[in-house]
Amino acid sequence: MKAVLMTAAGSPEVLQLQEVVNPTVPVGNTELLVRLVAAGVNPIDTKLRSRGTFYPEQMPAILGCDGAGIVEAVGAGVERFRPGDEVYFCYGGLGAHQGNYAEYTVVDERFVARKPASISFAEAAAAPLVLITAWEALYERGRLEPGERVLIHAGAGGVGHVAIQLAKLKGATVSTTVSTEEKANFVRQLGADHVIFYKQTNFVQAVLDWTDGEGVDLAFDTVGGETFYQTFPAVRVYGDIVTILEPDPKTVWKSARTRNLRIGLELMLTPMLLGLEESLQHHADILEQCAKWIDQGKLKIQVNHQFRLEEAAAAHQLLESGAIAGKIVLLVRDE
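For what it's worth, the UniProt record's numbering labels the leading residue of the sequence shown as 1, then goes sequentially.
Structure (structure tokens):
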């Protein structure tokens, strides 16, 4: 099969399309052989490519956590799927298990969800990592409740644009930060109630004005760095802030401590890194629920750029430019 191999850590040019051995499904287990149609491209992919994977001794590597495709064959123990089923999932791509920048992959049926019927494979491949991240950050780490006010940083981004929708589905009121009028229009279409142009406006003051000086119940940081700790004063006393980035060593915690904030750290890759099978099954459950909302028209995935599999390097270059909204997808084959 054709696959994009990461031959070494470095610039996007280390991603090379090559022929590799097709994966197979061992007899008697619960794995699926999936003929991939599309693969999502995420910031974790570019970070692993530039710094090295979590398993540097296992090189070359195939990146790509997100995948969508058609079940080609099943192990003898598979119960939920059969050949021809359309699926999507977030599994592999960290350096140990093969990722989805490839024509085929093998994944356990417990970690797979049925693809939403109403969207393309490209849209489905763009969805898993950001859906799971936003779901865990808002619903599990942040314990978001109906009627609460939430601040979502970078609402037009991959995680941000689904976080806005999940927050609204929970019955929350949403404020979000954006950089341009185009992105502001986009997030308003998703349901954002209050839009802050962070380059022109002090977002903390804007949030305090919006909440009559109280602050939001929950802040969701998808940016990291100074943005994380600068957000503390925008959160109400005894409120929550969740970040998907590792806090900077220079983080000033005084305001968070004074306000008695509850700090949440969200890394949806934890189950893959630590081999937590029950949590990986929970991820599949999240995707099953999100698929229902997508098919009901309550949740949308924005794909702004599509590349062919052999253009993986160009996809990485675009993502690293930081100038996009929505998601980037690699098309493995025509739908």
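Ideal Cβ positions, reconstructed from N, Cα and C, are used throughout, including at glycine.
The structure displayed is predicted, hence computed values, not measured ones.
Identify whether residue i lies in helix, strand or coil by the three-state DSSP scheme.
{"i": "residue 53", "result": "coil"}
{"i": "residue 284", "result": "helix"}
{"i": "residue 240", "result": "strand"}
{"i": "residue 104", "result": "strand"}
{"i": "residue 168", "result": "helix"}
{"i": "residue 305", "result": "strand"}
{"i": "residue 328", "result": "strand"}
{"i": "residue 18", "result": "strand"}
{"i": "residue 228", "result": "helix"}
{"i": "residue 8", "result": "coil"}
{"i": "residue 160", "result": "helix"}
{"i": "residue 248", "result": "coil"}
{"i": "residue 127", "result": "coil"}
Using the C-alpha atoms, what's the distance from residue j back to residue i?
{"i": "residue 110", "j": "residue 214", "result": "43 Å"}
{"i": "residue 299", "j": "residue 135", "result": "12 Å"}
{"i": "residue 265", "j": "residue 142", "result": "9 Å"}
{"i": "residue 183", "j": "residue 94", "result": "31 Å"}
{"i": "residue 90", "j": "residue 65", "result": "5 Å"}
{"i": "residue 173", "j": "residue 209", "result": "15 Å"}
{"i": "residue 304", "j": "residue 4", "result": "22 Å"}
{"i": "residue 296", "j": "residue 158", "result": "21 Å"}
{"i": "residue 314", "j": "residue 1", "result": "21 Å"}
{"i": "residue 336", "j": "residue 317", "result": "Because the chain is modelled from 1 through 335, residue 336 falls outside the range shown and cannot be assessed."}
{"i": "residue 329", "j": "residue 219", "result": "28 Å"}
{"i": "residue 244", "j": "residue 24", "result": "35 Å"}
{"i": "residue 222", "j": "residue 73", "result": "38 Å"}
{"i": "residue 253", "j": "residue 86", "result": "46 Å"}
{"i": "residue 49", "j": "residue 92", "result": "14 Å"}
{"i": "residue 125", "j": "residue 12", "result": "21 Å"}
Measuring alpha carbon to alpha carbon, tell me which of the options ends up nearest residue i.
{"i": "residue 195", "options": "294, 156 and 301", "result": "156"}
{"i": "residue 108", "options": "6, 80 and 137", "result": "80"}
{"i": "residue 230", "options": "278, 164 and 151", "result": "151"}
{"i": "residue 127", "options": "308, 289 and 15", "result": "289"}
{"i": "residue 267", "options": "165, 225, 129 and 302", "result": "129"}
{"i": "residue 189", "options": "164, 209, 200 and 212", "result": "164"}
{"i": "residue 144", "options": "104, 241 and 201", "result": "241"}
{"i": "residue 345", "options": "63, 179 and 29", "result": "A query on residue 345 cannot be resolved here, the shown segment of the chain reaching from 1 to 335 and no further."}
{"i": "residue 69", "options": "77, 120, 60 and 61", "result": "120"}
{"i": "residue 249", "options": "140, 38 and 224", "result": "224"}
{"i": "residue 161", "options": "181, 147, 137 and 186", "result": "186"}
Could you give the C-beta distance for residue i and residue j, rounded to a whole number, given that I count them as a contact under 8 Å?
{"i": "residue 52", "j": "residue 9", "result": "4 Å"}
{"i": "residue 100", "j": "residue 36", "result": "6 Å"}
{"i": "residue 319", "j": "residue 14", "result": "Actually they do not touch by this definition, with Cβ atoms about 15 Å apart."}
{"i": "residue 104", "j": "residue 33", "result": "6 Å"}
With DSSP as the reference, please indicate the residues paired to residue i in a beta bridge.
{"i": "residue 153", "result": "None; residue 153 has no bridge partner."}
{"i": "residue 35", "result": "70 and 104"}
{"i": "residue 175", "result": "151 and 194"}
{"i": "residue 408", "result": "The shown model of the chain, from 1 to 335, leaves out residue 408, and the question about it has no answer."}
{"i": "residue 263", "result": "241"}
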